[in-house]
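Residue numbers (our numbering): 507 to 566.
What follows is the structure in structure tokens.
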């Protein structure tokens, strides 16, 4: 999954939870784990929408 798609997925997940859906149902609908949804919610709480932007991972 490219960075743009991942960022959009994260923002959609957080937005869905904010609209009242449970993290479990959001995870099921998007095909991700509940842990991922909770991680994205924590990132959002601590850093806003910008914290959900996918970043390059360091290589060796």
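Every residue gets a Cβ at the ideal spot worked out from N, C-alpha and C, and that includes glycine.
Everything numeric in this text was worked out from a predicted model, so none of it was measured.
Apart from the 5 residues on each side of it in sequence, residue 543 sits with its Cβ closer than 6 Å to the Cβ of 519, 529, 532, 533 in its chain, given in chain order.
For the pair residue 559 and residue 511, the CB atoms are not nearer than the 9 Å cut-off. Where residue 546 is concerned, the enclosing alpha helix (DSSP H) starts and stops at 540-553. Between the beta-carbon of residue 557 and that of residue 547 there is about 10 Å, and that puts the pair past the 8 Å contact cut.
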